[in-house]
Amino acid sequence: MNSFRVTASVLLFIAAIAGATAQDPSQSIDGVIDIDPSNVDSVLDGSKLTFGEFYAPWCGHCKRLTPEYTKLAQMVKDDPFMDAQVKIVKVDCDAHRELGQQFGIQGYPTLKVFPRGVDVGKAASAIPYNGERSAEAIFSYLEGIVREEKSMGRTEELDALAQEFVSAADKEAVLAKAKAVSDPEGPSYVYIMEKVLAKGGEYIETEKDRVSKLISGGSISSTKMGEMIIKHNVMEAFEVAAS
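Numbering-wise, this note's numbering puts 163 at position 160 of the sequence shown, and it's gapless, one number per residue.
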């Protein structure tokens, strides 16, 4: 009898642990968008870096991932910088098998990264995520992508000239310095300086707003998206200087 009680207690303990570490992946999760055929085009529009889980509700690995996915969504939501740049989504490939086929899903869970500019029509360009499946590891991975993207087109030397340009009385002299810099990113800074000289200091704010709308709209090509991201980044060098 005592042996039975011990065995039953052990089983109850194991069940409790399993329940604490595995959840139904099809449940609604705060901060995670559930994709289905009705919203796939609008959600995967290329406007933000998007991290997606493709799962089946009966999959044990998917169930065990759910607490980490819930935590990941909360981490992104609690970080204003990341929340503005990243979407977290999931797809029930058992309920929506056509989506599983569309995205080439062959096992569960499959995790994919959709960089900015990669919409549903460019799904083949999504990047498989094969790293550690903890919330912290995934967050760090996504943060690295975002920060790398935010640095595209920027250099310390040219950023310093952007700061000098904003405060300089003789902006033409700073423009001449920028033109003399031997750096592939130089023309982007020179372009903005010339525009400010031609249109006034308000050019940066109005143009940055226009570029932001183009990026968030997600309707431009991948090549154009890259150009707009670089332009937006470089304009921020001037805004930081002005603030």
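Cβ atoms here follow ideal geometry from the backbone N, Cα and C, with glycine treated the same way.
Nearest-angstrom Cα separation, counted from residue j out to residue i
{"i": "Gly229", "j": "Ser154", "result": "12 Å"}
{"i": "Ala21", "j": "Ile141", "result": "Confidence in Ala21 is poor, its pLDDT being 43 and thus under 50, which makes the residue's placement too unreliable to answer from."}
{"i": "Ala98", "j": "Ser225", "result": "31 Å"}
{"i": "Asp186", "j": "Glu152", "result": "19 Å"}
{"i": "Ser219", "j": "Gln166", "result": "27 Å"}
{"i": "His235", "j": "Val177", "result": "21 Å"}
{"i": "Tyr2", "j": "Phe168", "result": "In this structure the chain extends from 4 to 246, so residue 2 is not present and cannot be described."}
{"i": "Cys96", "j": "Val184", "result": "52 Å"}
{"i": "Gly55", "j": "Gly147", "result": "17 Å"}
{"i": "Gly203", "j": "Glu175", "result": "13 Å"}
{"i": "Ala179", "j": "Gln30", "result": "59 Å"}
{"i": "Asp37", "j": "Lys227", "result": "28 Å"}
{"i": "Ala248", "j": "Val237", "result": "Outside the modelled stretch of the chain, which goes from 4 to 246, sits residue 248, for which no answer is possible."}
{"i": "Asn42", "j": "Gln26", "result": "24 Å"}
{"i": "Arg100", "j": "Glu205", "result": "50 Å"}
{"i": "Ala201", "j": "Lys80", "result": "41 Å"}
{"i": "Val46", "j": "Glu242", "result": "30 Å"}
Rounded Cβ spacing between residue i and residue j (contact assumed at less than 8 Å)
{"i": "Val149", "j": "Gln88", "result": "5 Å"}
{"i": "Ser50", "j": "Arg119", "result": "7 Å"}
{"i": "Leu102", "j": "Pro40", "result": "7 Å"}
{"i": "Leu164", "j": "Tyr144", "result": "Actually they are not in contact, since the Cβ atoms of Leu164 and Tyr144 sit about 33 Å apart, beyond 8 Å."}
Cβ shell of residue i (< 8 Å), same chain only, five flanking positions each side left out
{"i": "Gly189", "result": "Leu161, Ala181, Lys182"}
{"i": "Ala240", "result": "Arg157, Leu161, Asp162, Ala165, Gln166, Tyr192"}
Residue i: CB within 6 Å of a non-hydrogen atom of the ligand GTP
{"i": "Ile38", "result": "The ligand GTP is absent from the structure shown, which contains no ligands of any kind."}
Sequence-distant residues of the same chain with beta carbon closer than 7 Å to residue i, five excluded per side
{"i": "Ala127", "result": "none"}
{"i": "Leu217", "result": "Ile223, Met231"}
{"i": "Cys62", "result": "Tyr111, Pro112"}
{"i": "Val214", "result": "Met231, Lys234, His235"}
Other residues of its chain near residue i: CB distance less than 6 Å, five sequence neighbours each side excluded
{"i": "Glu159", "result": "none"}
{"i": "Lys90", "result": "Lys51, Thr53"}
{"i": "Asp44", "result": "Val123"}
{"i": "Tyr132", "result": "Leu114, Val116"}
Contact check, residue i vs residue j, beta carbons under 7 Å
{"i": "Lys93", "j": "Val35", "result": "yes"}
{"i": "Pro28", "j": "Tyr58", "result": "yes"}
{"i": "Gly156", "j": "Ile233", "result": "yes"}
{"i": "Ala138", "j": "Met85", "result": "no"}
{"i": "Ile130", "j": "Ala76", "result": "no"}
Open item on the list: Would you call the stretch 99-109 in contact with the stretch 195-212, where contact means no fewer than 3 C-beta pairs closer than 8 Å?
Closed with: As far as the Cβ criterion goes, the stretch 99-109 does not touch the stretch 195-212, which means the pair count is below three.
Open item on the list: With three or more C-beta pairs closer than 8 Å as the rule, is the stretch 59-74 touching the stretch 118-130?
Closed with: The stretch 118-130, when compared against the stretch 59-74, does not touch it at the 8 Å Cβ threshold.
Open item on the list: Does the contact criterion of 3 or more C-beta pairs under 8 Å hold for the stretch 110-119 versus the stretch 191-202?
Closed with: No: fewer than three Cβ pairs fall under 8 Å.
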